[in-house]
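Participant:
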Amino acid sequence: MEPHNTGYIGLNDGRKLCLECLDSAVMDTSECQPLYDEIQAFYEGLNMKIEQDVPLLLDERQALNEAREGEKQGHHHMPETRGLCLPEEQTVSTIRRRPRFGTGNRAMDMITEPYKLTRRCEVTAILILYGLPRLLTGSILAHEMMHAWMRLQGFRTLSQDVEEGICQVLAYMWLVSELSATSDSNVASTSSSSAGRTSKMAKRSPFDRKFGEFFKHQIESDSSPVYGGGFRAGYQAVHSYGLRSTLDHIRLTGRFPY
Numbered sequence: 001m002e003p004h005n006t007g008y009i010g011l012n013d014g015r016k017l018c019l020e021c022l023d024s025a026v027m028d029t030s031e032c033q034p035l036y037d038e039i040q041a042f043y044e045g046l047n048m049k050i051e052q053d054v055p056l057l058l059d060e061r062q063a064l065n066e067a068r069e070g071e072k073q074g075h076h077h078m079p080e081t082r083g084l085c086l087p088e089e090q091t092v093s094t095i096r097r098r099p100r101f102g103t104g105n106r107a108m109d110m111i112t113e114p115y116k117l118t119r120r121c122e123v124t125a126i127l128i129l130y131g132l133p134r135l136l137t138g139s140i141l142a143h144e145m146m147h148a149w150m151r152l153q154g155f156r157t158l159s160q161d162v163e164e165g166i167c168q169v170l171a172y173m174w175l176v177s178e179l180s181a182t183s184d185s186n187v188a189s190t191s192s193s194s195a196g197r198t199s200k201m202a203k204r205s206p207f208d209r210k211f212g213e214f215f216k217h218q219i220e221s222d223s224s225p226v227y228g229g230g231f232r233a234g235y236q237a238v239h240s241y242g243l244r245s246t247l248d249h250i251r252l253t254g255r256f257p258y
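Note that the UniProt record's numbering gives residue 172 to position 172 of the sequence shown, counting from 1, and the numbers run on in steps of one.
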């Protein structure tokens, strides 16, 4: 049944966002940059700083699908492409200005522009689907950044379940850190920077927290052998041996430690 029009807005690619989703949706590239900075800091806190400056671009569904088809050595993708870590030079479109919503709750006047990706290292860009809630956008971004980190660290070509699995582990860890920060927002902090972050987290609505728990559960319960099975094997390895030892073992053997 078609959702009632007043409770949803329609995006140009046919997707619909409920008004509660729209409240935290990330709609253009510049709007996503603070989230990108936060996740880079998350990686740095794990002693996994991404040294190269990798462009982040928000794109429409069609642009992501075209970029995926343009990959010469692409990794495994879900049926709905929501994020890509590109190793090849391409020209892609990116959303420069978020749409406004006019008559009939339809997206209007969204500005896109071409962006020429130049290969200066093993990763040319990270692309993320626009219009997703912030916590989902962040978990996809954390996943794609793990692909980037491994490429930049010179990891060998891995089996799909190992590569996608460890990327899902990092997406999961980021979600857990965000939900923990929300839960602990009433605890006083001795650091002004962490206090600022906690203050921002405290402004999240209960709806956002439910979103986060749902996305976390999706990762945990994914039935696919690559994403779900890979995540569970990777998470068990990290739980048993720690993240650094797990990554060292993957680098040496191409497999998770058991």
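We put the CB at the ideal spot given by N, CA and C, even for glycine.
Helix, strand or coil for S222, going by three-state DSSP, please let me know.
Facilitator: Position 222 of the sequence shown, counting from 1, holds the residue named residue 222. For clarity, residue 222 is Asp in the given sequence; the question names Ser instead. Three-state result, D222: coil.
Participant: From which residue to which residue does the beta strand (DSSP E) around D59 run?
Facilitator: Position 59 of the sequence shown, counting from 1, holds the residue named residue 59. Segment 56-59, the beta strand (DSSP E) holding D59.
Participant: Please report the distance separating the alpha-carbon of H217 from that of F211.
Facilitator: Residue 217 sits at position 217 when you count from the first residue of the sequence shown. Residue 211 sits at position 211 when you count from the first residue of the sequence shown. Distance between the alpha carbons of H217 and F211 is about 10 Å.
Participant: Given this structure, state the Cα-to-Cα distance separating R151 from G7, to the nearest angstrom.
Facilitator: Working through the sequence shown from its first residue, we reach residue 151 at position 151. Working through the sequence shown from its first residue, we reach residue 7 at position 7. Each residue's alpha carbon lies about 42 Å from the other.
Participant: Looking only at DSSP bridge pairs, what is A25 linked to?
Facilitator: Counting from one through the sequence shown, the residue named residue 25 turns up at place 25. The partner list for A25 (beta bridge, DSSP) reads P133.
Participant: How should R119 be labelled, buried or exposed, when 16 other C-beta atoms within 10 angstroms of its C-beta is the threshold for buried?
Facilitator: On the sequence shown, residue 119 is found 119 positions in, with the first residue counted as 1. The pLDDT assigned to R119 is 48, lower than 50, so where the model puts this residue is not dependable; a value taken from the coordinates is nonetheless given after this. Its Cβ having fewer than 16 others within 10 Å, R119 is exposed.
Participant: Going residue by residue through the stretch 139-173, where are the continuous beta strand (DSSP E) segments of at least 3 residues, counting only ones entirely within it?
Facilitator: As far as the stretch 139-173 is concerned, it has no whole beta strand (DSSP E) run of at least 3 residues.
Participant: Quick one: grab the DSSP three-state call for L247.
Facilitator: As a working mapping, residue 247 is identified with position 247 in the sequence shown. L247: helix per DSSP, three-state reduction.
Participant: Once you ignore the five residues that flank I50 on each side, which residues in its own chain have a CB closer than 7 Å to its CB?
Facilitator: Translated into the one-based positions of the sequence shown, residue 50 becomes position 50. Hits under 7 Å: Q40, Y43, M145, A148, W149, L152.
Participant: So what's I126 in DSSP terms, helix, strand or just coil?
Facilitator: Translated into the one-based positions of the sequence shown, residue 126 becomes position 126. DSSP places I126 in strand when its eight states are reduced to three.
Participant: Once DSSP output is grouped into helix, strand and coil, what is the label at V210?
Facilitator: Indexing the sequence shown from 1 puts residue 210 at position 210. Checking the displayed sequence, the identity of residue 210 turns out to be Lys instead of Val. Helix, per DSSP.
Participant: Pick helix, strand or coil for Y227, following the three-state DSSP scheme.
Facilitator: In the sequence shown, the residue the question calls residue 227 occupies position 227. Helix at Y227.
Participant: Ordered along the chain, which non-local residues of its own chain (more than five positions away) have a Cβ less than 7 Å from that of L22?
Facilitator: Taking the first residue of the sequence shown as 1, we reach residue 22 at position 22. Same-chain partners within the cutoff: I9.
Participant: Throw me the rounded Cβ distance for the I219 and F231 pair, which I believe falls under 8 Å.
Facilitator: Here residue 219 corresponds to residue number 219 of the sequence shown, with the count starting at 1. Here residue 231 corresponds to residue number 231 of the sequence shown, with the count starting at 1. Contact holds; Cβ gap of about 6 Å.
Participant: Does DSSP put K49 in a helix, a strand or coil?
Facilitator: To locate residue 49, count along the sequence shown from 1; it is residue 49. Correct three-state label for K49: coil.
Participant: Tell me where the beta strand (DSSP E) around L86 begins and ends.
Facilitator: In the sequence shown, the residue the question calls residue 86 occupies position 86. It spans 83-86 - the beta strand (DSSP E) in which L86 sits, taken as one unbroken run.
Participant: Between which two residues does the beta strand (DSSP E) holding Y258 run?
Facilitator: Translated into positions along the sequence shown, residue 258 becomes position 258. Premise fails: Y258 is in no beta strand (DSSP E) and is neither H nor E.
Participant: Report the CB separation of V26 from Y130 in whole angstroms; it is logged as a contact under 8 Å.
Facilitator: Position 26 of the sequence shown holds residue 26. Position 130 of the sequence shown holds residue 130. The Cβ separation is near 7 Å, so the contact holds.
Participant: For N47 and I250, what's the separation of their Cα atoms in angstroms?
Facilitator: To locate residue 47, count along the sequence shown from 1; it is residue 47. To locate residue 250, count along the sequence shown from 1; it is residue 250. Near 17 Å, if we compare the C-alpha coordinates of I250 and N47.
Participant: Check each candidate in T253, E38, L132, S159 and name the one with the smallest Cα separation from F215.
Facilitator: Numbered from 1 along the sequence shown, position 215 holds the residue referred to as residue 215. Checking every option, the nearest Cα to that of F215 belongs to L132.
Participant: I'd like the list of long-range same chain contacts for S192, defined as Cβ closer than 8 Å, with 5 residues on each side in sequence excluded.
Facilitator: As a first step, residue 192 is located in the sequence shown; it is residue number 192 there, counting from the start. Because the pLDDT at S192 is just 40, under 50, the model does not fix this residue reliably, and the value given afterwards should be weighed accordingly. Excluding sequence neighbours, S192 sits near nothing in its chain.
Participant: Kindly indicate which three-state DSSP category L11 falls into: helix, strand or coil?
Facilitator: If you number the sequence shown from 1, residue 11 lands on position 11. L11 falls in the coil class under three-state DSSP.
Participant: Just list the residues that DSSP pairs L19 with in beta bridges.
Facilitator: Along the sequence shown, one-based indexing puts residue 19 at 19. Bridge partners of L19: none, in fact.
Participant: Shortest alpha-carbon distance to L158 belongs to which of L11, L136, S224, T253?
Facilitator: For the purposes of this step, residue 158 is identified with residue 158 of the sequence shown, where counting begins at 1. When each option's Cα is compared against that of L158, the closest is T253.
Participant: With DSSP collapsed to three states, give me the class of G242.
Facilitator: In the sequence shown, residue 242 corresponds to position 242, counting from 1. Three-state result, G242: coil.
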